[in-house]
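Undergrad: Going by UniProt numbering, the letters in the sequence shown line up with residues 1 to 245, in that order. In this text, a Cβ means the ideal position worked out from N, Cα and C, and glycines have one as well. In this text the structure is predicted, and so the values were computed from the model without any measurement. Provided herewith is a single structure, encoded as structure tokens, for subsequent inquiry.
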Amino acid sequence: MLAIIGGSGLTQLSNLAVERREVARTPYGEPSGALTFGRLCNEPVVFLARHGYGHTIPPHLVNYRANIWALKQAKVSGIISVASVGSIRADLGPGALVVPDQIIDYTWGRESTFFEGGGTPVKHVDFTHPYDQGLRRRLIEASRLAGEVALDGGVYAATQGPRLETAAEINRFERDGADVVGMTGMPEAVLARELDIPYAALNVVVNHAAGRSASAGGIVFDDIEAMLQSAMVRVRTILDKLCHV
């Protein structure tokens, strides 16, 4: 059973044949919302809205540990993260799809590990390749079957939020090698790794990052909202093809 974590624009999965909803309890508090169990293309799936079903939880206050722990309790075989991003690269315009293969973490102050001492042994996890290659391949193939082109690989810059970035920060991220920028990729990915859950992401570019192209003079939020609505229709189609790969 795959888990799908929906970000901005994907607070519900309209093509999911819902069977039940469960309120999860974890040692780390409550997750962002109830887990929605159902079937997508006749395959079992559990869906969780990262920001809550009313999109009320900002990126820096998401209880990432509770979310991932709840999915572990549900015995998921893997996690697909759907997230909107800004594009740093000139050739990735709004509407582009990216299946990243690397992360740079610029977040701070978030609860980012399940291992906090207290007399228990420290556990170090290998994070050389933060995304599961098998799930990445499935996402790319599902995109192809849906008639979409998803960029195979890219570096995701995870920022603190909830504010968007300055033009100078975007320039810095580019120098660091980042291709897209978002606010929720960490610590979600590493928490999944700590619990041995395969994890991959489908990023949807909804705007040029600060100081770039159409965003040179500032971010136009109305344009982002319009792009989100159209892009998530395409994302749902891609997710529906996962059972074929």
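1. If you draw a straight line from the C-alpha of I140 to the C-alpha of T26, how long is it?
2. Any beta-carbon of chain D closer than 9 Å to the one on G78?
3. Anyone know if the C-beta pair for Y64 and P187 falls short of 9 Å?
4. Whose CA, out of A66, H60 and N42, lies closest to the CA of L48?
5. Does DSSP put P27 in a helix, in a strand, or in coil?
6. Which stretch, first to last residue, makes up the alpha helix (DSSP H) that contains D222?
7. I'd like the ranges of any beta strand (DSSP E) spanning at least 3 consecutive residues and lying wholly in the segment 108 to 138.
8. Could you pull the DSSP bridge partners for S215 from this structure?
9. Mapping DSSP to helix, strand and coil, what is I197?
10. From what residue to what residue does the beta strand (DSSP E) around residue 260 run?
11. Name the DSSP beta bridge partners of P44, please?
12. Just to confirm, is the Cβ distance from G78 to D126 under 9 Å?
13. Can you tell me where the beta strand (DSSP E) holding D91 begins and where it ends?
14. With Q160 as the anchor, note down where its alpha helix (DSSP H) starts and where it stops.
15. Which one or two residues does DSSP pair with H208 in a beta bridge?
16. For A150, list the residues DSSP reports as bridge partners.
17. Which same chain residues end up closer than 8 Å to V220 when comparing Cβ atoms and leaving out the 5 residues on each side of it in sequence?
18. Helix, strand or coil, according to DSSP, for N63 in the structure here?
19. What is the DSSP secondary structure of D179, reduced to helix, strand or coil?
20. Which two residues bound the contiguous beta strand (DSSP E) that contains I103?
21. If you pair each beta-carbon of the segment 186 to 204 with each one of the segment 99 to 111, do three or more pairs fall below 8 Å?
22. From H60 to R50, what distance separates their C-alpha atoms?
23. Hey, is I140 close to the ligand SAH, as in C-beta under 8 Å from one of its heavy atoms?
24. Label W108 either buried or exposed according to how many other C-beta atoms from any shown protein chain fall within 10 Å of its C-beta, with 16 as the threshold for buried.
25. Based on the DSSP output, what are the partners of L202 in its beta bridges?
TA: So, to answer that:
1. 33 Å
2. In the displayed structure, chain D is absent; only one protein chain is listed.
3. Going by C-beta atoms, Y64 is nearer than 9 Å to P187.
4. A66
5. Coil at P27, not helix or strand.
6. First-last of the alpha helix (DSSP H) with D222: F221 to D240.
7. none
8. Answer by DSSP bridge pairing: none, since S215 is not bridged.
9. coil
10. The question about residue 260 has no answer here: the residues shown for the chain are numbered 1 through 245.
11. R39
12. no
13. Neither: D91 is in no beta strand (DSSP E) and is coded neither H nor E.
14. No alpha helix (DSSP H) contains Q160, which DSSP labels as neither H nor E.
15. S87
16. L97
17. N207 and A214
18. Coil at N63, not helix or strand.
19. coil
20. Q102 to D105
21. yes
22. 11 Å
23. Inclusion of the ligand SAH in the displayed structure is not the case, the ligand content being empty and no account of it being possible.
24. exposed
25. V82
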